[in-house]
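K.L.:
2 protein chains.
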Amino acid sequence: MRASHYFIATLKEAPADAEVTSQKLMLRAGLIKKTAAGIYSWMPMGLKALRKVERIVREEMNRAGAIEVLMPAVQPAELWQESGRWTFYGPELLRLKDRHDRDFVIGPTHEEVITDIARRDIRSYKQLPKHFYQVQTKFRDEIRPRFGVMRGREFVMKDGYSFHASFEDLVREYHNMYATYIRIFTRIGLQFRAVAADTGSIGGTGSHEFHVIADTGEDDIAYCPDSDYAANVELAEALPASKVHGVAKQALTKVHTPGVKTIADLAAFLKIPATDTVKAIVVEAEDGAAVLMLLRGDHELNEIKAQKLDGIKSPLTFASPEAIAAGFGANPGSLGPVGFKGRVIMDRSVAAMSDFVIGANEDDYHYTGANIGRDFPGPELADLRNVVAGDPSPDGKGTLALCRGIEVGHIFQLRTKYAEAMGARFLDENGREQVMEMGCYGIGVSRILGAAIEQNNDARGIIWPTAIAPFELVICPVGWSKSEAVREAANALYTDLTEAGVDVILDDRNERPGVMFADWELIGVPHRIVIGDRGLKEGSAEYQGRRDEAATAVPVDGLAAFVLEKLRA
Amino acid sequence: MRASHYFIATLKEAPADAEVTSQKLMLRAGLIKKTAAGIYSWMPMGLKALRKVERIVREEMNRAGAIEVLMPAVQPAELWQESGRWTFYGPELLRLKDRHDRDFVIGPTHEEVITDIARRDIRSYKQLPKHFYQVQTKFRDEIRPRFGVMRGREFVMKDGYSFHASFEDLVREYHNMYATYIRIFTRIGLQFRAVAADTGSIGGTGSHEFHVIADTGEDDIAYCPDSDYAANVELAEALPASKVHGVAKQALTKVHTPGVKTIADLAAFLKIPATDTVKAIVVEAEDGAAVLMLLRGDHELNEIKAQKLDGIKSPLTFASPEAIAAGFGANPGSLGPVGFKGRVIMDRSVAAMSDFVIGANEDDYHYTGANIGRDFPGPELADLRNVVAGDPSPDGKGTLALCRGIEVGHIFQLRTKYAEAMGARFLDENGREQVMEMGCYGIGVSRILGAAIEQNNDARGIIWPTAIAPFELVICPVGWSKSEAVREAANALYTDLTEAGVDVILDDRNERPGVMFADWELIGVPHRIVIGDRGLKEGSAEYQGRRDEAATAVPVDGLAAFVLEKLRA
């Protein structure tokens, strides 16, 4: 492509309402244009990058045996009523009426439409398994669309749906998709992690998210650098402590702690580490009774784990000040298990503690030298907390590290939820009617671009992975209009590379080098060749990779071969 | 592709609500699946054909210098309010509200969105011209969606919009697109005609439609087989008669024609050809006066031509029975110019007539032997009628023929309509602000598939042009499970052709030949190779083109080369 025949419209400043790096850079580089809140137009170079992602996704989905279809954006309400989601889906579901006053939705997802197709077209086990996927524009009416293409309202997704005659076959396809997603994100060139979304194993109860690792990500991920273990922090198991608690050395002593309300206050007041304190949190049981939960002072309660415990009200509900006062005779800040008659649940890490500090159930008083068993009955043990860096990995293969991620993919064993509700059945080998097992597999195609930029950028702009860059290489001729030698050398390289299949742009806009370089660094083209008269006199051009600190001289002879070598690397 | 890994679900009968051939065949072949009225899901083979059309469209648009973008389906009402179409667009525009009660539309077209982009990004004549296009899913809330993908509500279009610094440059691009569209439809392999939508020349007032020729088309087209002249019948000019009328031979004679109301009645009653009669139609002038229009009895009034005449009320309004009785003293069926005092306009064909029959302005009476000038004053002449087959072509290059067509493309000089309304201006070479000139260029991508099938089908099913067939060739092995020789030969051919880049499907479903042949003839794969034990014993396979009456034996040696030759032909 020649820049003069193309459309390049970079901006000096991002619009004021752009919040995150990728959004600012995409707008400044002219890759997208805002049409409405959360609704973007894809400009030529943004679309080129999007298409490259789509192509990789399609190639790998086809390779994995999935078959592409294209379902409509506008879907009849009847299907959503059958599945029950017409009622249960929130206001993100954009509902509308056609001119005949019939109800429709703009599909945020297509389980209903594909299940409707499957129940009409698949009648026999001989037609199973089948995996249909599409790359399609979806709409989700986010209450506060933001972060550009990362949480837009209209977006491009790959969504696949598989149908199976047995659960075992669904699990087989789930593994197939797990491997396929790893191939896809690897080919795109991103650092990512497959994250267990409910359990840590890619087994029978499966749901995995695929996260692009980026400091700006919205999700906290715990992973093991020595294995492929990774999970949302909220779901990662905090293993039992590896040691039992020591023998009590101190006596239980009530100390006056005036004005101390938090663990930080307490540690500072007593000049001890927070790890020597125990935090007390009171929640409601299903029957409304107060339940005391104990955690090591520096740990955080994991509400999801807590609310899953037998007898605990879900969603987790903190006890009211009145209930706490009635049960403990003190206010939050001075609570503890000593003398409490109700149910006490203790995080497994507390079991390793002795001679700790805990609230005395009297305002402005704590106990020091508290010990389990001696000072209060040994309570129930449970995993109540978020994991922290350094915790042992649940797979036993090292210790956990934490990072942040951007979810770009999700695979999920739907089982028979939709097939049951909508009557997607088949005749098995014995002629008996069975409900189909289903899996679903999503990739946020447009979101990947935002995530890739969040992971790969610097002060000058975007740094695209080559596989999804709008152009792989830019040729910047210095003095385009003045020097025939420059034009000749630039045109020759352009022709050679185009014929070799390189996606190259020749910047023939006759701009100054500063303008050219700033544009292409902002746009993030990963490789650049500069051709100018000064270098040509010595038979050289300049090469600079987008991450390189400086340019290196390269002989003009064999320039195309040099570039091809760089691109292959 | 191997059929066992693919999805083939043909139907014996089309659903009862399918109306036209292409719709029935696409549903029976399993290319599409109805999800709601006018809303279809594209199943694997339908999507493959659709993608082939898209690819040809993209390649030719890119070659012509247009740049691909992707605009959103959901568009803010504000832009439509700016252009004025929020008010003027009918109920086909699907309007909706988001969760914040803001107004949006699902775009049936994108003039507003692209003009909004252009006015923000284009400031100088140096950035012009620019032509942006997209291949995108559109929605038009047809009151009665029908004909499958030919008049669906959700459909895929290629829509392009060009911006220019001058009208001359718009005309240049209009010619460029005219040529591009001809390349596109030629490559797709359809019989088509570029049809002047308002005038017969591809000049300054330009609008052309591109029609696929099919007997089942909705539009009547007049074309000249000896030139590239073509126009909608309503717009084709009926040239003045090439001869003047003869000398009057008969006397004006009033005859009793009891019960005769129509030209057909009249011709039958008097035993004369309709071409010897003159039809009288009374319409309203702008001031409400009755105007008499005269046409040769066998010709049809063209209302568009009639309403364009000076002083005639537009839209054309027929005079009321009361006004006719007052002006003529008779009822319709017996009207004529003799004695009428008002304005009379005569189609140019009538000027060549003498001794004709015309109403006598007295119920149940006509005049025979009527002659212009002698019996009533020579009236104004105008082109008032639809052309008929055999009329001289307006370009002077032969005579007109008539056919029916399906509109699949439209190019249009928008001029400054949107740019003016929405303030899309640029600075010209002299630093003066000017309004951009705009063109727009549409192709009904999904509609093309329906049109292609309307043009190419037989009793057995679809006959795809090879360029857009879901598969170019099918290999049908007879006795797949029983004969290793058959499997070997079929697999070898499949491998050879796949490696040669042929889009081939191997039917390894182990179906009976009758089932295989019926499926692939219905689906419309243009080339078929049958491999069976009987033929293999003699070293031969069978080839049959989809339009061939019978198969021909082909040596198994060199089978791949034979197929490649057939595909190249």
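The listed protein sequences derive, respectively, from chains P and Y.
Quick note on this note's numbering: the first sequence kicks off at 4 and runs consecutively.
Quick note on this note's numbering: the second sequence kicks off at 4 and runs consecutively.
In this text, a Cβ means the ideal position worked out from N, Cα and C, and glycines have one as well.
Determine, for residue 92 of chain Y, whether the minimum Cβ-Cβ distance to residues of chain P falls below 8 Å.
P.N.:
To locate residue 92 of chain Y, count along the second sequence from 1; it is residue 89. For residue 92 of chain Y, the answer is no, since every Cβ of chain P falls outside 8 Å of its Cβ.
K.L.:
I'd like to confirm the pairing. Which residues does DSSP put opposite residue 45 of chain Y in its beta bridges?
P.N.:
Sequence index remark: in the second sequence, residue 45 of chain Y carries index 42 (1-based). P/73, Y/35.
K.L.:
Quick one: is residue 340 of chain Y buried, meaning 16 or more other Cβ sit within 10 Å of its Cβ, or exposed?
P.N.:
Residue numbering aside, residue 340 of chain Y sits at position 337 when the second sequence is read from its first letter. The residue is buried, with at least 16 neighbouring Cβ atoms inside 10 Å.
K.L.:
Would residue 45 of chain Y and residue 73 of chain P be called neighbours here (beta carbons separated by less than 8 Å)?
P.N.:
Taking the first residue of the second sequence as 1, we reach residue 45 of chain Y at position 42. Taking the first residue of the first sequence as 1, we reach residue 73 of chain P at position 70. Taking 8 Å as the Cβ cut-off, residue 45 of chain Y and residue 73 of chain P qualify as a contacting pair.
K.L.:
For residue 62 of chain P, count neighbouring Cβ atoms within 10 angstroms of its own Cβ and tell me buried if that reaches 16, exposed if not.
P.N.:
What you label residue 62 of chain P is simply residue 59 of the first sequence in a count that begins at 1. With fewer than 16 Cβ atoms within 10 Å of its Cβ, residue 62 of chain P is classed as exposed.
K.L.:
Excluding the five sequence neighbours on either side, which residues of its own chain have a C-beta within less than 6 Å of the C-beta of residue 401 of chain P, listed in chain order?
P.N.:
Residue numbering aside, residue 401 of chain P sits at position 398 when the first sequence is read from its first letter. Same-chain partners within the cutoff: 227, 229.
K.L.:
Are the beta-carbon atoms belonging to residue 352 of chain Y and residue 302 of chain Y less than 8 Å from one another?
P.N.:
By one-based count along the second sequence, residue 352 of chain Y stands at place 349. By one-based count along the second sequence, residue 302 of chain Y stands at place 299. Yes, these two residues count as a Cβ contact at 8 Å.
K.L.:
Between which two residues does the alpha helix (DSSP H) carrying residue 471 of chain Y extend?
P.N.:
Looking up residue 471 of chain Y in the second sequence gives position 468. Taken as a continuous stretch (DSSP letters only), residue 471 of chain Y belongs to no alpha helix (DSSP H), as it is neither H nor E.
K.L.:
Taking C-alpha atoms, which residue in P/497, P/525, P/520 lies nearest to residue 567 of chain P?
P.N.:
As a first step, residue 567 of chain P is located in the first sequence; it is residue number 564 there, counting from the start. Comparing Cα-Cα distances from residue 567 of chain P to each of P/497, P/525, P/520, the minimum goes to P/497.
K.L.:
Taking 8 Å as the CB-CB limit, is residue 144 of chain Y close to chain P?
P.N.:
To locate residue 144 of chain Y, count along the second sequence from 1; it is residue 141. Yes, because at least one Cβ of chain P sits closer than 8 Å to the Cβ of residue 144 of chain Y.
K.L.:
Compare the C-beta of residue 484 of chain Y with all C-beta atoms of chain P and state if any pair is closer than 8 Å.
P.N.:
For this step, residue 484 of chain Y is matched to residue 481 along the second sequence. Taking Cβ atoms only, chain P never reaches closer than 8 Å to residue 484 of chain Y, which makes this a no.
K.L.:
Please return the same chain residues whose Cβ sits closer than 6 Å to the Cβ of residue 526 of chain Y, not counting the five positions on each side in sequence.
P.N.:
Numbered from its first residue, the second sequence carries residue 526 of chain Y at position 523. So the qualifying residues of the chain are 32.
K.L.:
Against chain P, does residue 317 of chain Y count as a neighbour if the rule is that its beta carbon must be under 8 Å from one of theirs?
P.N.:
Within the second sequence, numbered from 1, the residue matching residue 317 of chain Y stands at position 314. No, residue 317 of chain Y does not count as interfacial toward chain P.
K.L.:
According to DSSP, residue 296 of chain P sits in a beta bridge with which residue or residues?
P.N.:
Counted from its first residue, the first sequence places residue 296 of chain P at position 293. Residue 296 of chain P is bridged to P/284, P/348.
K.L.:
Given a threshold of 16 other Cβ atoms within 10 Å of its Cβ, counted over all protein chains shown, does residue 361 of chain P qualify as buried or as exposed?
P.N.:
Locating residue 361 of chain P in the first sequence gives position 358, counting from the first residue. Label assigned to residue 361 of chain P: buried.
K.L.:
Counting only beta-carbon separations shorter than 8 Å, does residue 89 of chain P have a partner in chain Y?
P.N.:
As a position in the first sequence, residue 89 of chain P is number 86, starting the count at 1. Output row for residue 89 of chain P: interface = no.
K.L.:
Count the C-beta pairs between the stretch 382 to 394 of chain P and the stretch 423 to 443 of chain P that are closer than 8 Å, then say yes if the count reaches three, no if not.
P.N.:
At 8 Å Cβ cutoff, the stretches do not touch.
K.L.:
To which residues of the same chain is residue 60 of chain P closer than 7 Å at the C-beta, ignoring the five residues directly before and after it?
P.N.:
Here residue 60 of chain P is taken as the residue at index 57 of the first sequence, counted from 1. Result list for residue 60 of chain P: 138, 161, 187, 446, 448, in chain order.
K.L.:
Only counting runs of 4 or more residues, tell me where the alpha helix (DSSP H) segments fall wholly within the stretch 416 to 469 of chain P, in order along the chain.
P.N.:
Qualifying alpha helix (DSSP H) stretches, in chain order: 420 to 425, 448 to 458.
K.L.:
For a test of your reading of the model: does the CB of residue 225 of chain Y fall under 7 Å from any non-hydrogen atom of the ligand COA? Yes or no.
P.N.:
By its list of ligands, the structure shown contains no ligand whatsoever, and the ligand COA lies outside what it can speak to.
K.L.:
Report the neighbours of residue 57 of chain Y on chain B: residues whose CB is nearer than 9 Å to its CB, in chain order.
P.N.:
Protein chains in the displayed structure are P and Y, and chain B is not among them.
K.L.:
For residue 146 of chain P, does the count of other Cβ atoms within 10 angstroms reach 16, so buried, or fall short, so exposed?
P.N.:
By 1-based counting over the first sequence, the position of residue 146 of chain P is 143. Exposed, because fewer than 16 other Cβ atoms sit within 10 Å of the Cβ of residue 146 of chain P.
K.L.:
Is residue 78 of chain Y close to chain P? Criterion is C-beta to C-beta, closer than 8 Å.
P.N.:
On the second sequence, residue 78 of chain Y is found 75 positions in, with the first residue counted as 1. It does: the Cβ of residue 78 of chain Y has a partner Cβ on chain P nearer than 8 Å.
K.L.:
Please determine, among P/108, P/382, P/472, P/102, the residue with the shortest C-alpha to C-alpha distance to residue 94 of chain P.
P.N.:
Residue numbering aside, residue 94 of chain P sits at position 91 when the first sequence is read from its first letter. It is P/108.
K.L.:
Which same chain residues end up closer than 8 Å to residue 261 of chain P when comparing Cβ atoms and leaving out the 5 residues on each side of it in sequence?
P.N.:
Position 258 of the first sequence, counting from 1, holds the residue named residue 261 of chain P. Counting only Cβ-Cβ distances below 8 Å, and skipping sequence neighbours, we find 367.
K.L.:
If residue 253 of chain P and residue 372 of chain P are in contact, beta carbons under 8 Å, what's the gap, nearest whole angstrom?
P.N.:
Your numbering for residue 253 of chain P matches position 250 in the first sequence. Your numbering for residue 372 of chain P matches position 369 in the first sequence. With 8 Å as the limit, residue 253 of chain P and residue 372 of chain P qualify as a contact, their Cβ atoms being about 3 Å apart.
K.L.:
Taking the continuous alpha helix (DSSP H) assigned at residue 235 of chain Y, which residues delimit it?
P.N.:
Counted from its first residue, the second sequence places residue 235 of chain Y at position 232. Taken as a continuous stretch (DSSP letters only), residue 235 of chain Y belongs to no alpha helix (DSSP H), being part of the beta strand (DSSP E) at 233 to 235.
K.L.:
Quick one, which of Y/438, Y/524, Y/551 has its alpha-carbon nearest residue 125 of chain Y's?
P.N.:
Reading the second sequence from its first residue, position 122 is the one you call residue 125 of chain Y. Cα-wise, what sits closest to residue 125 of chain Y is Y/438.
K.L.:
Cα separation between residue 55 of chain P and residue 30 of chain P?
P.N.:
What you label residue 55 of chain P is simply residue 52 of the first sequence in a count that begins at 1. What you label residue 30 of chain P is simply residue 27 of the first sequence in a count that begins at 1. Whole-angstrom Cα-Cα distance: 19 Å.
K.L.:
Leaving aside the five residues before and after residue 408 of chain P along the sequence, list all residues of the same chain whose C-beta is less than 6 Å from its C-beta, in chain order.
P.N.:
Here residue 408 of chain P is taken as the residue at index 405 of the first sequence, counted from 1. These residues qualify, in order along the chain: 214, 216, 220, 222, 224.
K.L.:
So which residues of chain Y does residue 124 of chain P contact, with C-beta pairs closer than 7 Å?
P.N.:
Taking the first sequence and counting its residues from 1, the one referred to as residue 124 of chain P is at position 121. Chain Y residues near residue 124 of chain P: 12.
K.L.:
Quick check on DSSP: helix, strand or coil for residue 562 of chain Y?
P.N.:
Residue numbering aside, residue 562 of chain Y sits at position 559 when the second sequence is read from its first letter. Correct three-state label for residue 562 of chain Y: helix.
K.L.:
Taking contact to mean 3 or more Cβ pairs, one atom from each stretch, closer than 8 Å, check whether the stretch 19 to 26 of chain Y and the stretch 150 to 167 of chain Y are in contact.
P.N.:
Yes, the stretch 19 to 26 of chain Y is in contact with the stretch 150 to 167 of chain Y.
K.L.:
For residue 178 of chain P, report the span of its alpha helix (DSSP H) as first-last.
P.N.:
Here residue 178 of chain P is taken as the residue at index 175 of the first sequence, counted from 1. Where residue 178 of chain P is concerned, the enclosing alpha helix (DSSP H) stretches over 170 to 191.
K.L.:
What does the alpha-carbon distance come out to for the pair residue 505 of chain P and residue 85 of chain P?
P.N.:
For this step, residue 505 of chain P is matched to residue 502 along the first sequence. For this step, residue 85 of chain P is matched to residue 82 along the first sequence. Between residue 505 of chain P and residue 85 of chain P, the C-alpha separation is close to 50 Å.
K.L.:
How far does the beta strand (DSSP E) with residue 384 of chain P in it reach, from first residue to last?
P.N.:
Here residue 384 of chain P corresponds to residue number 381 of the first sequence, with the count starting at 1. Start and end: 383 to 385.
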